[in-house]
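Residue numbers (our numbering), protein chains in the order written: chain A, -15 to 441; chain B, 74 to 350. All residues carry an ideal CB built from backbone N, CA and C; glycine is no exception.
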Amino acid sequence: MKDAKRHEMPALPASERIKTFDEVALGFTWQLAKEEAERCLNCKNPPCVSGCPVGVRIPDFIAKIKSGDIDGAADIIRLDNNLPAICGRVCPQESQCEALCVRKAKLGGSVAIGALERYAADNSARYDVHAPTARAGIKVAVVGSGPASLSCAADLARAGVKVTVFEALHKAGGVLAYGIPQFRLPKEVVAREIENVKALGVEIILNAVIGKSLFIDELLEDFDAVFIGSGAGLPSFLGVEGENLNGVYSANEYLTRINLMGAYKDGAATPISRAKRVVVVGAGNVAMDSARCAVRLGAETHLVYRRSRAEMPARAEEIERAEEEGVKFDLLVNPVRILGDENGNVRGVRLIRMRLGEPDSSGRRSPHPVEGSEFEIACESVIVALGTTPNPLIKASMPSLETGRKGTLIVDEDGRTSVKKVYAGGDATTGAATVIMAMGAGKRAAKAILEDFRGKI
Amino acid sequence: MQNYTLLSKRRLARNVCEYKIYAPLVAKHCKAGQFVILRVDDDGERVPFTICDYDRSEGSVRLLVQEVGYSTIKLGTLKEGDAIKDIVGPLGNATDLSAYKNICLVGGGIGSAVIYPQAKKLFEEGAPADIIVGARNKDLLIYKEDFASFANEAHFVTDDGSFGEKGFVTDALARLMAEGKGYDCVFAVGPLKMMQAVCELTRKAGVHTVVSMNSIMVDGTGMCGCCRLSLGGKTVYACVDGPEFDGHMVDFDEAISRSLVYREQEEAHLCRLRREV
């Protein structure tokens, strides 16, 4: 066992997956799960747990898998993680729990914790045994239904709080619904986890834009506290000439059309560009998702990034998968202009080559343009994936909420905002980050709410 | 779960219907100039419509919809008592013409639905505006009686002369301006080319002009940027920065080009729908 190598999850081969939006990673079989679980050394002071933003009791749930008790394993995960089938798929385990696994360097590689979490969540027969106790005390309104909100809502509901979630779109899930594509996070999995949260007694009201349909002040009349988990939905653009040409999308728009509106399906009511050649700008997970969607829609896809491969912010796995699927990386280049034809449609991108200088404030080496190095790539569509900032709608409707430089809501470490009884967490407070970080923030805010209202519960 | 019931449906013209929809979360705070996004059915796309009128006590909003595309034609097949899948709002900003004293409202085609609440509001405030309403022909002119009663002076214009003056709304506006009406604001809503023509006319005369941009949208909350347009060289979003803008600053040529981006796909879709309906 000592030198047993880490088991990798089976995946659809690249040649097949570029033809479908079906999930790429296929999950462990029982045999693989059992063998991988056996690799866990059940450390006395498990370093992996300290790497988990929500503190999942990793060796404990893996021990349950070893013994064949999958329901038991899922129950243990759910004590700390409300959305395990989602986290098992999209968490960057390689930089969190698995980065700290003692097997990482010399003992055949880290235990595949994420794959085992997914296995337990997907294969447990029952959803949740931690049903809420009697309803008592307080009511909390939750703004948004992404990972921070769902996690906060679930923890509160378990403690007996009456929770109502308000979602602006027609479908719950936030970025899990509109942002992450089907082939990485099937919408059926998201729906199942949301049903699970609803089973705790959480009510979800769709089509309610807080700051427009209802205001925070108003919610505070009907609820004891409000948690804002409205995410970072505002896309950034390049600010170069030609950005309003037909065929230029923010990654948010492109992915929303595909994931939320199903534009990739034959006969979908929502249209999307079926460009033959696509250029994606950026190198984060959202850029990889966009590029991989473009490939599946039949486009020859280039991804352009102003720094080098080492600085790419996307998960290594996403970068590899994108490459396997035929996305061409053009690194150390930056768009200077998007070119259009006489009808206002994109016909290409003009780029300039970059070289790396000294590290900047982010610790990454800052790129500088190389004079006289401009060149063009022909394409009919450009997808800009340069990150997002929080939506100003809520702040605009409640100016007393303090915000930071990029519009992020300012909170203390437990998620309390500058307004009494108003809490916040997730991308709305940090800017675009990960699902699991948002979930951690949602949990901390739930804990703070329960503490602040202890006398009333 | 809310049920967005179609409380009433009235056909105002061959391809224009007025819908009253139960949508209490929209009706609660909506103001003239704001819009909703609706989805007709489970597979529906998200389409924006300006709120034409509302009834807070009933929790309803009134929309005027011209059947021009896939979703609007599907909407037209619903009957009273049917439910619309989703409706969200109010989105965008309310119209604010409070700084102006002598206003002319100009509505072209279905754009008349957008000037309607403003016409009503100004009338109720005791400062009725001059109103110009235009359409291709008599059958497409909507709310004639309402506009006549809300207006200080109502002028109707049809392309073919089948009702009111023969010509375009710009002809009537040019004439009124030449007569020395001294408008300090023109609020013009209609097809992009009409708004562009109005703006060209008023720019020369130096009359402030507000237009309402009916861009293609997805979420309607600033999340996707699909509805962006150039305003004085700066990019703005119709959904959160508008939908109303200083017409003299809008790049109409770009807006027209952007409005046509999905024309081919929409036409293919319509063919299929016509076979189904």
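Integer-rounded CB distance, given that B/Leu164 should sit under 8 Å from B/Cys312: Position 239 of the second sequence holds residue 312 of chain B. Position 91 of the second sequence holds residue 164 of chain B. Taking 8 Å as the upper bound for CB-CB distance, B/Cys312 and B/Leu164 are in contact here, some 6 Å apart.
Using the C-alpha atoms, what's the distance from B/Lys277 back to B/Val323? Reading the second sequence from its first residue, position 250 is the one you call residue 323 of chain B. Reading the second sequence from its first residue, position 204 is the one you call residue 277 of chain B. Cα-Cα distance, rounded: 15 Å.
Check B/Met74 in the structure and name its three-state DSSP category. Here residue 74 of chain B is taken as the residue at index 1 of the second sequence, counted from 1. Any reading at B/Met74 needs caution, since the residue's pLDDT is 45, under 50, leaving its predicted position unreliable; the model's value is listed next. Correct three-state label for B/Met74: coil.
Any contact of the segment 371 to 380 of chain A with the segment 400 to 420 of chain A, i.e. 3+ C-beta pairs under 8 Å? Short answer: they touch.
Can we say the segment 340 to 347 of chain A touches the segment 185 to 193 of chain A, given the rule of at least three CB pairs closer than 8 Å? Note that the segment 340 to 347 of chain A does not touch the segment 185 to 193 of chain A; fewer than 3 beta-carbon pairs, one per stretch, sit closer than 8 Å.
In this structure, does DSSP put A/Leu316 in helix, strand or coil? For this step, residue 316 of chain A is matched to residue 332 along the first sequence. Note: A/Leu316 maps to coil in three-state DSSP.
Cβ pair count under 8 Å reaching 3, the segment 226 to 237 of chain A against the segment 358 to 369 of chain A: Yes, the segment 226 to 237 of chain A touches the segment 358 to 369 of chain A.
Please report the straight-line C-alpha distance between B/Glu131 and B/Ile94, rounded to a whole angstrom. On the second sequence, residue 131 of chain B is found 58 positions in, with the first residue counted as 1. On the second sequence, residue 94 of chain B is found 21 positions in, with the first residue counted as 1. Rounded to whole angstroms, B/Glu131 to B/Ile94 spans 10 Å at the Cα level.
Mind listing, in chain order, the continuous beta strand (DSSP E) runs of no fewer than 3 residues lying wholly within the segment 165 to 218 of chain A? With a minimum length of 3 residues, the continuous beta strand (DSSP E) runs that stay inside the segment 165 to 218 of chain A are 187 to 189 and 209 to 212.
Under 9 Å Cβ-Cβ, which residues of chain B neighbour A/Val193? What you label residue 193 of chain A is simply residue 209 of the first sequence in a count that begins at 1. Residues of chain B passing the Cβ test: Leu98, Val161, Gly162, Pro163, Leu164, Gly293 and Thr294.
Determine which residues of the segment 295 to 322 of chain B have a Cβ less than 8 Å from any Cβ of chain A, and write them out in chain order. Within the segment 295 to 322 of chain B, the residues whose Cβ lies closer than 8 Å to some Cβ of chain A are Gly295, Met296, Cys297, Gly298, Cys299, Arg301, Leu302, Ser303, Thr308 and Val313, listed in chain order.
Mind the definition here: the segment 58 to 67 of chain A touches the segment -8 to 5 of chain A only if three or more C-beta pairs lie below 8 Å; say whether that holds. Not touching, per the Cβ criterion.
Quick one: using the 10 Å Cβ neighbour count with 16 as the cut-off for buried, is A/Gln15 buried or exposed? Residue mapping note: residue 15 of chain A aligns to position 31 of the first sequence, counting from 1. By the C-beta density criterion, A/Gln15 is exposed, having fewer than 16 other C-beta atoms within 10 angstroms.
Beta-carbon separation of B/Val390 and B/Met267 under 7 Å? The structure shown does not extend to residue 390 of chain B, since chain B is modelled only from 74 through 350, so no value can be given for it.
Here's the rule I'm using: 16 or more other beta-carbon atoms within 10 Å means buried, otherwise exposed. How should A/His352 be labelled? Working through the first sequence from its first residue, we reach residue 352 of chain A at position 368. By the Cβ neighbour-count rule, A/His352 is exposed, with fewer than 16 other Cβ atoms within 10 Å of its own.
Does DSSP classify A/His(-9) as helix, strand or coil? For the purposes of this step, residue -9 of chain A is taken as residue 7 along the first sequence, with counting starting at 1. In this structure, A/His(-9) counts as coil in the three-state DSSP scheme.
Specify, as a first and last residue, the run of the beta strand (DSSP E) that B/Ile110 falls within. Numbered from its first residue, the second sequence carries residue 110 of chain B at position 37. Its beta strand (DSSP E) spans residues Phe108 to Arg112.
Hey, out of B/Leu80, B/Thr78, B/Leu85 and B/Gly320, whose CA is closest to B/Leu214's CA? As a position in the second sequence, residue 214 of chain B is number 141, starting the count at 1. B/Leu214 has its Cα closest to that of B/Leu85, out of B/Leu80, B/Thr78, B/Leu85 and B/Gly320.
Would you mind telling me which residues of chain B sit closer than 9 Å to A/Phe221, beta carbon to beta carbon, in chain order? Here the question's residue 221 of chain A lines up with position 237 in the first sequence. In chain order: Gly298, Arg301 and Thr308.
Please list, in chain order, the residues of the segment 248 to 275 of chain A that have any C-beta partner in chain B closer than 9 Å. Against chain B - using a Cβ distance shorter than 9 Å - the residues of the segment 248 to 275 of chain A are Lys249, Gly251, Ala252, Ala253, Thr254, Pro255, Ile256, Ser257 and Arg258.
Could you tell me whether the segment 74 to 85 of chain A touches the segment 25 to 36 of chain A, where touching means 3 or more Cβ pairs closer than 8 Å? The segment 74 to 85 of chain A makes contact with the segment 25 to 36 of chain A, as at least three CB pairs between them are under 8 Å.
Taking beta-carbon pairs under 7 Å, can you tell me which members of the segment 228 to 240 of chain A lie near chain B? Taking 7 Å as the cut-off between beta carbons, the residues of the segment 228 to 240 of chain A near chain B are Asn228, Asn230, Ser234, Asn236, Glu237 and Thr240, in sequence order.
Going along the chain, which unbroken runs of the beta strand (DSSP E) with 3 or more residues stay wholly within the segment 370 to 420 of chain A? Along the segment 370 to 420 of chain A, the beta strand (DSSP E) occurs as fully enclosed runs of 3 or more residues at 406 to 408, listed in sequence order.
Chain-order list of residues whose beta-carbon lies under 6 Å from that of B/Asn24 (same chain, five-residue window excluded): This structure leaves residue 24 of chain B out entirely; chain B is present only between 74 and 350.
Interface partners of A/Asn243 on chain B, CB under 8 Å: Walking along the first sequence from the start, residue 243 of chain A turns up at place 259. Chain order gives no chain B residues near A/Asn243, where near means a beta carbon separation below 8 Å; the closest approach is about 11 Å.
Can you tell me which of the three DSSP states B/Glu339 falls into? Taking the second sequence and counting its residues from 1, one reaches residue 339 of chain B at position 266. The answer is helix: DSSP assigns B/Glu339 an H, G or I state.
Counting C-beta neighbours from all protein chains within 10 Å, is the total for A/Ser94 16 or more, i.e. buried, or is it exposed? Indexing the first sequence from 1 puts residue 94 of chain A at position 110. The residue in question, A/Ser94, is buried, as its Cβ has 16 or more Cβ neighbours within 10 Å.
Just checking: is the beta-carbon of B/Arg129 within a distance shorter than 7 Å of some beta-carbon in chain A? Counting from 1 along the second sequence, the entry for residue 129 of chain B is found at position 56. It does not; no Cβ of chain A falls within 7 Å.
Name the residue from B/Ser185, B/Leu274 and B/Ala202 whose alpha carbon lies nearest to the alpha carbon of B/Tyr173. By 1-based counting over the second sequence, the position of residue 173 of chain B is 100. Among B/Ser185, B/Leu274 and B/Ala202, the Cα nearest to that of B/Tyr173 is on B/Ala202.
Separation of A/Ala416 from A/Ala442, as counted between CA atoms: In the structure displayed, chain A extends from -15 to 441; residue 442 of chain A sits before or after that span and is not available.
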